[in-house]
Amino acid sequence: MEKSLAFGEKNYNYYSAYLKEKYQVKRVYKVIVDGGFTCPNRDGSKGYGGCTYCNVDSFTPTSRTMATMKEQIEFGMERARKHYKAEKFIIYFQPNTNTYAPAHYLKTMYDEALSVDTTDVVGLSVGTRPDCLDAEKIALLESYTDRLDVDLEMGMESIYNETLAQINRGCSHDEFVDIMKLLENTKLDICVHTIFGLPGETKPMMLKYADEINRFPQINFVKFHHLHIVEGSIMGAKYKKEPFKLFSLAEYTDFLCEILPLVRPDIIIQRLFGISDLEMLIAPKWGLKKSEIQTYIDNEIERRGVVQGSKYPQILV
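Just so we're aligned: the sequence shown equals residues 1 to 317 in my numbering.
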């Protein structure tokens, strides 16, 4: 199949190429801000301990220790300009559940973050979970779309309720589907986050994720992660006592080469894999830097002639 993808020269629509084309600059950088939120399965609303795989400290930057959002954002921007030659920025509320508060409180938080730099900030990205959204909060996020792009990132994680219960997600896939119905005609860019390799899920089960993503035309972006086990998580403690099978890099690359052809060809791939702080990582340890993992996966995708969407039903007609 010939490439018919919109963004970049890879065999899949990759995020950095999309950003370059959209904003006509060489580098757009996401500045992570910690708004001090928690999660409903941490504070007792739905449970305690959080998702069993999660330790929020394993993927958040040093800037989150700063007292104010202004300090976090200014530090992040300056660092990105210096080290990555960043020209434009997306303010990214990442740690925990960033819509887990009343809408009036959320507005105060988002307004404060977006007031730091009104020239070089082009987007707002908000990470959350389906059970912490409603029509009022969606309308609030949409109110910012008249001046910048707003990316609503939701953790779908698994499409199987049994798996979600096992990992103490505190949220069913049915709740995800209900929120997607509210977002049918949204002005927001929707990003869905998944985790491959959760205990009990087979490869055929995981390949079905593509069908579920494809059926929602409002999904613009996806983030694919492999399961990694980190210190400070419930799953980490269990894994040390009873290790279970995790993806090797070769196995995960094989899986990506199977699922990418099934993914709708208009969707932008924000990530193909996830990483955590190496000091906190228990397993799997692939022994490569992030850039080396990316190169390995991209080279294999190219070598095998894998193309995103090549097996997507509508383009085979």
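All residues carry an ideal CB built from backbone N, CA and C; glycine is no exception.
These figures come from a predicted structure and were not determined experimentally.
Q.
Taking the alpha-carbon of arginine 169 as reference, which of Gly50, Gly236, Glu153 and Asp151 has the nearest alpha-carbon?
A. Start at 1 with the first residue of the sequence shown, and residue 169 comes out as number 169. Looking at the Cα atoms, Gly50 is the closest of the given residues.
Q: If I'm right that phenylalanine 255 touches lysine 208 with Cβ under 8 Å, what's the distance once you round it to whole angstroms?
A: Here residue 255 corresponds to residue number 255 of the sequence shown, with the count starting at 1. Here residue 208 corresponds to residue number 208 of the sequence shown, with the count starting at 1. Contact doesn't hold; Cβ gap of about 13 Å is too wide.
Q: Report yes or no: do three or more beta-carbon pairs, one from the stretch 67 to 78 and one from the stretch 240 to 251, lie closer than 8 Å?
A: The answer is no - the stretch 240 to 251 does not touch the stretch 67 to 78, with fewer than three Cβ pairs under 8 Å.
Q. Can you give the Cα-Cα distance for isoleucine 287 and glycine 309, rounded to whole angstroms?
A. Within the sequence shown, residue 287 is the residue found at index 287, counting from 1. Within the sequence shown, residue 309 is the residue found at index 309, counting from 1. Rather than isoleucine, the amino acid found at residue 287 in this sequence is glycine. For glycine 287 and glycine 309, the distance between alpha carbons rounds to 31 Å.
Q) Which residues does DSSP pair with lysine 320 in a beta bridge? A) In the structure as shown, the chain starts at 1 and stops at 317, and residue 320 therefore has no counterpart that could be examined.
Q: Determine the closest residue to glutamate 175 out of Thr128, Ala17 and Asn299, with distance taken between C-alpha atoms.
A: As a position in the sequence shown, residue 175 is number 175, starting the count at 1. Residue nearest to glutamate 175 within the set Thr128, Ala17 and Asn299 is Thr128 (criterion: CA-CA distance).
**Q.** Start and end residues, beta strand (DSSP E) containing threonine 99
**A.** The residue labelled residue 99 in the question sits at position 99 within the sequence shown. No beta strand (DSSP E) holds threonine 99; DSSP gives it neither H nor E.
Q: Would you mind working out which of Glu242, Phe196 and Ser172 sits nearest arginine 271, comparing C-alpha positions?
A: On the sequence shown, position 271 is the one that residue 271 refers to. Measuring from the Cα of arginine 271, the nearest candidate turns out to be Phe196.
Q. Around the C-beta of aspartate 131, are 16 or more other C-beta atoms found within 10 angstroms, so that it is buried, or is it exposed?
A. The residue labelled residue 131 in the question sits at position 131 within the sequence shown. By the neighbour-count rule (16 or more Cβ atoms within 10 Å), aspartate 131 is buried.
Q: May I ask you to verify whether the stretch 84 to 100 touches the stretch 34 to 47, counting CB pairs closer than 8 Å and requiring at least 3?
A: yes
Q: Mind reading off the beta-carbon distance from isoleucine 268 to asparagine 11? Whole number of angstroms is fine, and I expect it under 8 Å.
A: Translated into positions along the sequence shown, residue 268 becomes position 268. Translated into positions along the sequence shown, residue 11 becomes position 11. Contact doesn't hold; Cβ gap of about 14 Å is too wide.
Q: Name the one or two DSSP bridge partners that cysteine 191 has.
A: For the purposes of this step, residue 191 is taken as residue 191 along the sequence shown, with counting starting at 1. DSSP lists Glu153 and Phe221 as partners of cysteine 191.
Q: Select from Ile73, Gly8, Cys191 and Met77 the residue whose C-alpha is nearest the C-alpha of phenylalanine 216.
A: On the sequence shown, residue 216 is found 216 positions in, with the first residue counted as 1. It is Cys191.
Q.
Measuring CB atoms only, is the stretch 144 to 158 touching the stretch 116 to 127, in the sense that at least three cross pairs come out at less than 8 Å?
A. yes
Q. Leaving out the 5 sequence neighbours to the left and right, which residues in its chain are closer than 6 Å to histidine 173 when beta-carbon positions are compared?
A. For this step, residue 173 is matched to residue 173 along the sequence shown. Excluding residues within five positions, the ones whose Cβ falls inside 6 Å are Ile159 and Asn161.
Q. Do you know offhand how far phenylalanine 221's Cα is from asparagine 214's?
A. Sequence index remark: in the sequence shown, residue 221 carries index 221 (1-based). Sequence index remark: in the sequence shown, residue 214 carries index 214 (1-based). When rounded, the distance between both Cα atoms is 11 Å.
Q. Leaving out the 5 sequence neighbours to the left and right, which residues in its chain are closer than 6 Å to lysine 311 when beta-carbon positions are compared?
A. The sequence position of residue 311 within the sequence shown is 311, counting from 1. Contacts found: Pro261 and Leu262.
(Q) Alpha carbons only, please: which of Gly305, Asn185, Gly200 and Lys46 is nearest the one belonging to glutamine 166? (A) Taking the sequence shown and counting its residues from 1, one reaches residue 166 at position 166. Measuring C-alpha to C-alpha distances from glutamine 166 to each of Gly305, Asn185, Gly200 and Lys46 identifies Gly200 as the nearest.
Q | Range covered by the alpha helix (DSSP H) that runs through isoleucine 321 | A | Here the chain has residues from 1 to 317 only, and residue 321 is not among them.
Q. Taking the C-alpha atoms as reference points, what is the distance between glycine 232 and arginine 147?
A. Residue mapping note: residue 232 aligns to position 232 of the sequence shown, counting from 1. Residue mapping note: residue 147 aligns to position 147 of the sequence shown, counting from 1. Distance between the alpha carbons of glycine 232 and arginine 147 is about 40 Å.
Q | Close-in-space but distant-in-sequence residues of the same chain around serine 15 (CB under 6 Å, 5 per side omitted) | A | Position 15 of the sequence shown, counting from 1, holds the residue named residue 15. Position check: residue 15 holds tyrosine in this sequence, whereas serine was assumed. Closer than 6 Å at Cβ, skipping near neighbours: Ile268 and Gln270.
Q | Enclosing beta strand (DSSP E) for aspartate 122 [first to last residue] | A | One-based indexing of the sequence shown puts residue 122 at position 122. Reading the sequence as shown, one finds valine at residue 122 and not aspartate. First-last of the beta strand (DSSP E) with valine 122: 121 to 128.
Q: Would you mind giving the Cβ-Cβ distance between phenylalanine 89 and tyrosine 29, rounded to the nearest angstrom? I have them listed as a contact below 8 Å.
A: Translated into positions along the sequence shown, residue 89 becomes position 89. Translated into positions along the sequence shown, residue 29 becomes position 29. Their Cβ separation, rounded to whole angstroms, is 6 Å, which keeps phenylalanine 89 and tyrosine 29 in contact under 8 Å.
Q: Compare the C-alpha of aspartate 117 against each of Asp134, Leu106 and Glu87 and name the closest.
A: Here residue 117 refers to the residue found at position 117 of the sequence shown. Closest option to aspartate 117, Cα to Cα, is Glu87.
Q) Just to confirm, are glutamate 188 and glutamate 142 a CB contact at a threshold of 8 Å? A) For the purposes of this step, residue 188 is taken as residue 188 along the sequence shown, with counting starting at 1. For the purposes of this step, residue 142 is taken as residue 142 along the sequence shown, with counting starting at 1. According to the sequence provided, residue 188 is leucine. The question's glutamate does not apply to it. Going by C-beta atoms, leucine 188 is nearer than 8 Å to glutamate 142.
Q) Straight-line CA distance for leucine 281 to valine 230? A) Translated into positions along the sequence shown, residue 281 becomes position 281. Translated into positions along the sequence shown, residue 230 becomes position 230. Distance between the alpha carbons of leucine 281 and valine 230: 5 Å.
Q) Would a check of beta-carbon distances place aspartate 266 closer than 8 Å to chain B? A) The structure shown contains no chain B; it is built from a single protein chain.
Q.
Measuring alpha carbon to alpha carbon, tell me which residue in Phe273, Thr194 and Lys85 is nearest aspartate 298.
A. Counted from its first residue, the sequence shown places residue 298 at position 298. Per the Cα distances, Phe273.
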